[in-house]
Each structure stands twice: as structure tokens, then as C-alpha cells.
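Report on the following structure.
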Amino acid sequence: MVRASFGIASALNYDLMRFADVLLMAAECEVEVGSLDKAREYVNRVRARAAASPIKALDGTANAAKYVVSPYTTAWASKEVARKAVRFERRIELGMEGHRFFDLVRWGIADQVINNEYLPKESVRRSLALGSGVKFTKNKSEYQPIPDYAITQSFVAGQPTLKQNPGY
């Protein structure tokens, strides 16, 4: 590796975004415009790849997955059913990749899911790490505070160009 003025330069490529993520974003869009069959097609492309996984159990005889991934064969009955299926697919396909929180915020359901599903299950562990009473606050917790130094350095003609996010 070569140290460049902007960081480390390398000829090695790295993934910024997986194709499965692109397909699932396209599926989300298709659901919202009412093209449920096209959305199902995109989700099934992701599922087909997942079903073809070559990973076997340690004895080499069985698929390591404890569940069978199969395509959706019947049409989704409504936008709500399709939306739920696509959101579930994003959750399992992109698990542990750092997308979940931002998906919940984008869908406008972060407060419901975090406060009603996640925090109650995590209450013991979270109370040890963060203290009791931790909760997601709508219109605040979606954003991080802007560092004070960034605000103080943002002055142009005597006026700040940045202002703190609400709630901080």
C-alpha cells in the first residue's frame, strides 16, 4: 500500500454496495409505485442467490442453513403485504451490515420498532451499558449531534452556515 495525501491508496477494489442491496432498493421502489410483480421478481433474484449457497454443514452432507430459502411463487395481495415482504428480505439479507437503523428511519417506523420490539428484548443488556430509561425519541434520535467545532468553524461573513440538529 502507498500512503497518499488523502489516506491509504491501494489498487485493490472493495465493495461499496452489494447487488442484493440494489435489487432490494429497486423492489422497495416498485412496491411504492404499485408494480408488485416486478418487486417480487427483484426479491426472488436475491432469494435465488441465497438458495444456491454452497455452504454445507461440518459433515459435508447437508445445507448449513436451518431454513429453506425459496422464491415467492404467488402474487402479493396488496402493497402492505409486498412492503412487509421486502422489508423482511432487507432485514435478513443485509443483516449485520449496518443498514437496519437507517432502513427503519427511512421507513418512518424507527420509534415503533426500536421502542416496542428491540429495547424490551434488550432491556437487561442495554441497562447495563446505557443506563435505564433509554428510548428512541422521534424527530431527535434519527440524527446525530453536529460537533460544536464544526458549527463554530462554519462561519461565513460572521454567520454560522451550520446549525445544531433538533434536540441537541
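With this note's numbering, you'll find the sequence shown wraps up at 1116, consecutive numbering, no jumps.
Just so you know, even glycine gets a beta-carbon here, dropped at the ideal spot from N, CA and C.
Remember, it's a predicted structure, so these values are computed and weren't measured experimentally.
Taking all protein chains shown into account, decide if residue i is buried (16 or more other Cβ within 10 angstroms of its Cβ) or exposed.
{"i": "TYR1116", "result": "exposed"}
{"i": "ILE1057", "result": "exposed"}
{"i": "ALA1098", "result": "exposed"}
{"i": "LEU1006", "result": "exposed"}
{"i": "LEU960", "result": "exposed"}
Name, in chain order, the residues that DSSP records as bridge partners for residue i.
{"i": "GLN1107", "result": "VAL1104"}
Just verifying my parser: in three-state terms, what is the DSSP assignment at residue i?
{"i": "PHE1049", "result": "helix"}
{"i": "VAL1114", "result": "It should be pointed out that residue 1114 corresponds to Pro in this sequence rather than to Val. PRO1114: coil per DSSP, three-state reduction."}
{"i": "GLN1092", "result": "coil"}
{"i": "TYR1097", "result": "helix"}
{"i": "TRP1024", "result": "coil"}
{"i": "LEU1072", "result": "The identity of residue 1072 in the sequence shown is Val, whereas the question assumes Leu. VAL1072 falls in the helix class under three-state DSSP."}
{"i": "ASP985", "result": "helix"}
{"i": "LEU971", "result": "helix"}
{"i": "VAL962", "result": "Reading off the sequence, residue 962 comes out as Tyr, not Val. Coil at TYR962, not helix or strand."}
{"i": "ASN1087", "result": "coil"}
Taking 7 angstroms as the cut-off, does the CB of residue i come closer than this to any heavy atom belonging to the ligand PLP?
{"i": "LYS1088", "result": "Absence of the ligand PLP is noted for the structure shown, with no ligands found whatsoever."}
Please tell me whether residue i and residue j are closer than 8 angstroms, where the distance is taken between their beta carbons.
{"i": "GLN1112", "j": "ILE1094", "result": "yes"}
{"i": "LYS1083", "j": "ASN1064", "result": "no"}
{"i": "GLU1041", "j": "ALA998", "result": "yes"}
{"i": "GLY982", "j": "LYS1032", "result": "no"}
{"i": "PRO1068", "j": "LYS1088", "result": "no"}
{"i": "VAL1061", "j": "ALA1030", "result": "no"}
{"i": "ASP1051", "j": "LYS1086", "result": "no"}
Inset, instruction - Indicate whether the contact test is met: 3 or more Cβ pairs, each with one atom in the segment 1036 to 1052 and one in the segment 987 to 997, closer than 8 angstroms. - result: Under the Cβ criterion (8 angstroms, minimum of three pairs), the segment 1036 to 1052 counts as touching the segment 987 to 997.
Inset, instruction - Inspect the CB distances between the segment 1020 to 1033 and the segment 978 to 989 and report whether three or more fall short of 8 angstroms. - result: The segment 1020 to 1033 vs the segment 978 to 989: in contact.
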